[in-house]
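Before any comments, here is the structure.
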Amino acid sequence: ISQEQERLNGQYGPWSYKAMKQLVKLHLRTSSPGRSVDQDAIMKHYRRLLDCISSSGSDVSPAAVEKGINGMLERVASLMNSNSMQSGSCTQSLALAVYDATLQVFHPQTGPCKNERLWFKTNLKYGQLLYEMNETDKLQSVLKDLTTIHGDPSSAGTNSMEIYALQIQLYSRQKDLKKVREIFNKAMNVRGGIPHPRTIALIQGRLASYTISLCALSHP
């Protein structure tokens, strides 16, 4: 990184980007189960990685940026899955910090490196994380942002289905059958989208299981 900055008069370049990714990966790797998570070190290098991406002279392609960021998020998710999801856990705090920093940088209206597609996909993952953490208020705020900014217009149908799946999970947990049915009907009327089979299964399965539970309570 230092050598490239010297050559580029203090600017970041593609090799700096690759090196920063490796630094974040190394710190995440040392945060394996049974070891403490050095959140300060991880976030220091991750924010530096985001600064490199935002730099006008970094010369990193959008495809490389998206692949790299998705890889980082997957590694953080893997670290969380291998640790406890208890409230207040170190990995939970790290995941929230990583997502918050990522969303700020790529926000399509206010971010220094505007990327609507990447922001939308990251926000969907963030919403799923908040659901698993039972952070209802934050999840509702994320859903509001997602419905305001739909992401890539060419994927509008697919994106809508992903949002509906997240909403159905939330309203099922809140036992709001009226909302669940309302969102389910909207999802079934979407045309032109090609959602992941998991998304379709989640939407249909949640409605079916919740309806069966209500029937069981009504007819013991």
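Each residue of the sequence shown is one higher than the one before, counting from 637 in the working numbering.
Glycine included, every Cβ here is placed at the ideal spot set by N, Cα and C.
Just so we're clear, the structure is a prediction, and the values are computed from it rather than from any experiment.
Can you tell me whether DSSP reads L824 as helix, strand or coil? What you label residue 824 is simply residue 188 of the sequence shown in a count that begins at 1. Reading off the sequence, residue 824 comes out as Met, not Leu. Looking at M824 - three-state DSSP - the assignment turns out to be helix.
Got a sec? Which residues, its chain only, sit under 8 Å from M656 by beta carbon, not counting five neighbours each side? Looking up residue 656 in the sequence shown gives position 20. Contacts found: I637, H681, R684, L685 and C688.
Using CA atoms only, rank isn't needed, just tell me which of L766, E771 and S691 is closest to K750. On the sequence shown, position 114 is the one that residue 750 refers to. Of the candidates L766, E771 and S691, the one whose C-alpha sits nearest the C-alpha of K750 is S691.
Between the C-alpha atoms of Q740 and D812, what's the straight-line distance to the nearest angstrom? The residue you call residue 740 lines up with position 104 of the sequence shown. The residue you call residue 812 lines up with position 176 of the sequence shown. Taking the straight line from one Cα to the other gives about 32 Å.
What is the rounded straight-line gap between the Cα of A733 and the Cα of E702? In the sequence shown, the residue the question calls residue 733 occupies position 97. In the sequence shown, the residue the question calls residue 702 occupies position 66. Taking the straight line joining both Cα atoms gives about 18 Å.
Pairwise C-alpha distance: K774 and K757: What you label residue 757 is simply residue 121 of the sequence shown in a count that begins at 1. What you label residue 774 is simply residue 138 of the sequence shown in a count that begins at 1. The alpha-carbon atoms of K757 and K774 are separated by roughly 17 Å.
State the CB to CB distance for the pair L730 and V778, rounded to an integer number of angstroms; the pair is presumed to be in contact (CB under 8 Å). Sequence index remark: in the sequence shown, residue 730 carries index 94 (1-based). Sequence index remark: in the sequence shown, residue 778 carries index 142 (1-based). That pair is no contact at about 18 Å.
Rounding to the nearest angstrom, what Cα-Cα distance links E771 and I804 in this structure? To locate residue 771, count along the sequence shown from 1; it is residue 135. To locate residue 804, count along the sequence shown from 1; it is residue 168. Taking the straight line joining both Cα atoms gives about 15 Å.
On a Cα-Cα basis, can you pick out the residue from G646, Q810, G793 and W651 that is closest to N825? Within the sequence shown, numbered from 1, the residue matching residue 825 stands at position 189. Measuring from the Cα of N825, the nearest candidate turns out to be G793.
Quick one: what's got a C-beta closer than 8 Å to K610's C-beta in the same chain, skipping five residues either side? Residue 610 lies beyond the range of the chain shown here (637 to 856); nothing can be said about it.
Closest by C-alpha distance to M797, when choosing among L806, K822 and D781: Mapped onto the sequence shown, residue 797 falls at position 161. Of L806, K822 and D781, the residue nearest in Cα terms is K822.
Among G763, Y767 and E768, which residue has its Cα nearest to the Cα of L782? Position 146 of the sequence shown holds residue 782. Of the listed residues, the one whose Cα sits closest to L782 is G763.
At a Cβ threshold of 8 Å, is V696 touching chain D? Here chain D cannot be found, since the structure has a single protein chain.
Give me the Cβ distance between L715 and Y767, rounded to the nearest whole Å; I'm assuming they're in contact under 8 Å. Counting from 1 along the sequence shown, the entry for residue 715 is found at position 79. Counting from 1 along the sequence shown, the entry for residue 767 is found at position 131. The pair is not a contact, with the Cβ atoms about 18 Å apart (cut-off 8 Å).
Which residues in the same chain have their Cβ closer than 8 Å to the Cβ of I836, if we skip the five residues on either side of it in sequence? Indexing the sequence shown from 1 puts residue 836 at position 200. Excluding residues within five positions, the ones whose Cβ falls inside 8 Å are M797.
Beta-carbon spacing of E640, S652 below 8 Å: What you label residue 640 is simply residue 4 of the sequence shown in a count that begins at 1. What you label residue 652 is simply residue 16 of the sequence shown in a count that begins at 1. The answer is yes: Cβ separation under 8 Å.
What does the alpha-carbon distance come out to for the pair R711 and N759? The residue labelled residue 711 in the question sits at position 75 within the sequence shown. The residue labelled residue 759 in the question sits at position 123 within the sequence shown. R711 and N759: Cα-Cα distance of roughly 16 Å.
Apply the 10 Å Cβ neighbour rule to L806 and answer buried if 16 or more other Cβ atoms are within range, or exposed otherwise. The count along the sequence shown starts at 1 and reaches residue 806 at position 170. Buried, by the Cβ-count rule.
Go ahead and label N717 buried or exposed: buried means 16 or more other beta carbons lie within 10 angstroms of its beta carbon, across all protein chains shown. Counting from one through the sequence shown, the residue named residue 717 turns up at place 81. Exposed is the call here.
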